[in-house]
Amino acid sequence: MIDKNDIKEAKIKEPVKNEFYDLLKIKFPQTINSDGAVNFDAIKMLLGIAVKENIKGYELNWIGKGLANALYNTPCDKELKFEPTKSKDINSTQNIIIKGDNLDALKLLKSAYYEKIKMIYIDPPYNTKNDDFIYPDDFRKDYKQICIETGLIKIEIDEFGNETEVLSEAMNFFTSVTSTKSHSGWLSFMLPRLKLARDLLRDDGVIFISIDDNEQANLKILCDEIFGEENFVADFIRKTKSTTNDAKIGINYQHEFLLCYAKNKENINLLGGQKDLTKYKNPDNDPNGAWIR
């Protein structure tokens, strides 16, 4: 073990603390790889600069990730409209309900609530066959330029100067209802929203995200990228039902997941409430106490 006094006697300087590196690690954890190296491509993406596909290293990649990052960086040109006739207890309430696309809402909230939110809970679409979350028909119109820049739409001009939109195969992931089962479409839907949610969190803030088996694995890796693997808090198991066998393979699915991430894990202190055991029984006199409801 090296003694600091020996270093001083040898007139060897200790490593200088890099404040910019620390800033990236805290504010933009996706720019620091798991081995501590700086990911310059991630910095370029933050700045809206296109990057070439990197075949080295480890990362979660999918068709449309460039579009998803572009959606995060694109300013919102909409505004909130107060509707007093639909409001209740206007002068005393401390709650707000925003109706509209949550991507737009998050961008609008960012201007007033940047790094001010203590806790966020998200219940996103689970990407089951019943979900219909893929971008609506007017998506191409609203984000036409982004789609062109990211290669999802190509413009062909005929000999008379007429323009024709040619959709890439990948565009189907974002506009077709039949693509709702697509992992690429779901990840592209989630990425900008989770990035904006992170922007809203305080330094001691946490986020909870409900999910089931369909996308739990992908969500975990995506959140590791956005919030930083070191800020993963827990994957809580939430029991959702108690039924007999409901699957042909003989397995009864009774739970979902609740992923929890911190803005900065070193600054949080989660204290659970005392469990109510009054509804539990101990039919076999288990020395560990009541265990069944």
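Each residue of the sequence shown is one higher than the one before, counting from 1 in the UniProt record's numbering.
Virtual Cβ for every residue (Gly too), placed ideally from N, Cα, C.
According to DSSP, what are the bridge partners of C223?
Position 223 of the sequence shown, counted from the start, is the residue given in the question as residue 223. Answer is none; C223 lacks a bridge partner.
Which residue's Cα is closest to the Cα of G36: L24, L46 and M45?
Position 36 of the sequence shown, counted from the start, is the residue given in the question as residue 36. Checked all of L24, L46 and M45; the closest Cα to G36 is L24.
Let me know the secondary structure DSSP gives L47 once reduced to three states.
Locating residue 47 in the sequence shown gives position 47, counting from the first residue. Look at L47 here: in three-state DSSP terms it is coil, with no helix or strand label.
Drop a sphere of 10 angstroms on the beta-carbon of R198, count the other beta-carbons inside from all chains shown, and report buried for 16 or more, exposed for fewer.
Numbered from 1 along the sequence shown, position 198 holds the residue referred to as residue 198. Around the beta carbon of R198, 16 or more other beta carbons lie within 10 angstroms, which makes this residue buried.
Spatial neighbours of T178 in its chain, beta-carbon cut-off 7 angstroms, leaving aside the 5 residues before and after
For the purposes of this step, residue 178 is identified with residue 178 of the sequence shown, where counting begins at 1. Only weak support is given to the placement of T178: the predicted model assigns it a pLDDT of 37, under 50, and the value that follows is read from those uncertain coordinates. Exclusion of the five residues before and after T178 leaves no residue of its chain whose Cβ lies closer than 7 angstroms to its Cβ.
Does the stretch 186 to 206 come close enough to the stretch 262 to 271 to have 3 or more Cβ pairs within less than 8 angstroms?
Yes, the stretch 186 to 206 touches the stretch 262 to 271.
My guess is that residue 303 and N218 are in contact by the Cβ rule of under 8 angstroms, so how many angstroms apart are they, rounded?
Since the displayed the chain opens at 1 and closes at 293, residue 303 lies outside it and no answer follows.
Can you tell me whether G185 is buried or exposed, with buried defined as 16 or more other CB within 10 angstroms of its CB?
The residue you call residue 185 lines up with position 185 of the sequence shown. With 16 or more other Cβ atoms within 10 Å, it is buried.
Have a look at L103 and S111 and give me their C-alpha separation to the nearest angstrom.
For the purposes of this step, residue 103 is taken as residue 103 along the sequence shown, with counting starting at 1. For the purposes of this step, residue 111 is taken as residue 111 along the sequence shown, with counting starting at 1. If I take the Cα positions, the gap works out to 14 angstroms.
To the nearest angstrom, report how far apart E115 and I211 are at their CA atoms.
As a working note, residue 115 is residue 115 in the sequence shown. As a working note, residue 211 is residue 211 in the sequence shown. So the alpha carbons of these two residues sit roughly 25 angstroms apart.
Backbone CA spacing between N288 and F189 [nearest angstrom]:
Position 288 of the sequence shown, counted from the start, is the residue given in the question as residue 288. Position 189 of the sequence shown, counted from the start, is the residue given in the question as residue 189. Rounded to whole angstroms, the separation of the alpha carbons of F189 and N288 is 46 angstroms.
In terms of residues, what are the limits of the beta strand (DSSP E) holding A262?
Residue numbering aside, residue 262 sits at position 262 when the sequence shown is read from its first letter. Here the beta strand (DSSP E) through A262 covers H255 to A262.
Would you list the residues sitting across from F236 in a DSSP beta bridge?
Counting from one through the sequence shown, the residue named residue 236 turns up at place 236. DSSP links F236 through a beta bridge to L258.
Per DSSP, the bridge partner or partners of S182
Along the sequence shown, one-based indexing puts residue 182 at 182. As DSSP reads the structure, S182 sits in no beta bridge.
Identified DSSP bridge partners for F208:
Translated into positions along the sequence shown, residue 208 becomes position 208. Note: F208 sits in a beta bridge opposite Y121 and C260.
Distance between T31 and A42 (C-alpha atoms, nearest Å)
Along the sequence shown, one-based indexing puts residue 42 at 42. Along the sequence shown, one-based indexing puts residue 31 at 31. Answer to the nearest angstrom: the Cα atoms are 5 angstroms apart.
Evaluate contact between the stretch 151 to 160 and the stretch 221 to 240, counting only Cβ atoms and requiring at least three cross-stretch pairs below 8 angstroms.
These segments do not touch.
Determine the direct distance from the alpha carbon of Y72 to that of N282, and round the result to whole angstroms.
Within the sequence shown, the letter at position 282 stands for residue 282. Within the sequence shown, the letter at position 72 stands for residue 72. A straight-line Cα-Cα distance of about 52 angstroms links N282 and Y72.
In whole angstroms, what is the alpha-carbon distance linking P192 and P84?
Counting from one through the sequence shown, the residue named residue 192 turns up at place 192. Counting from one through the sequence shown, the residue named residue 84 turns up at place 84. If you take the alpha carbons of P192 and P84, they lie about 30 angstroms apart.
T85 (DSSP reduced to helix, strand or coil)
Locating residue 85 in the sequence shown gives position 85, where the first residue counts as 1. It is helical.
Excluding the 5 residues preceding and the 5 following F208 in the sequence, name in chain order all residues of the same chain whose CB lies nearer than 6 angstroms to its CB.
In the sequence shown, counting from the first residue as 1, residue 208 sits at position 208. If you ignore the 5 residues before and after F208, its C-beta comes within less than 6 angstroms of the C-beta of Y121, L258 and C260, all in its own chain and listed in chain order.
Looking only at its chain, what residues have a beta carbon closer than 7 angstroms to the beta carbon of K279, apart from the 5 residues adjacent to it on each side?
As a position in the sequence shown, residue 279 is number 279, starting the count at 1. R293.
Own chain residues within Cβ distance below 8 angstroms of V38, not counting five before or after:
Against the sequence shown, residue 38 aligns to sequence position 38. Taken in chain order, the residues that qualify are Y21, L24, T31 and I32.
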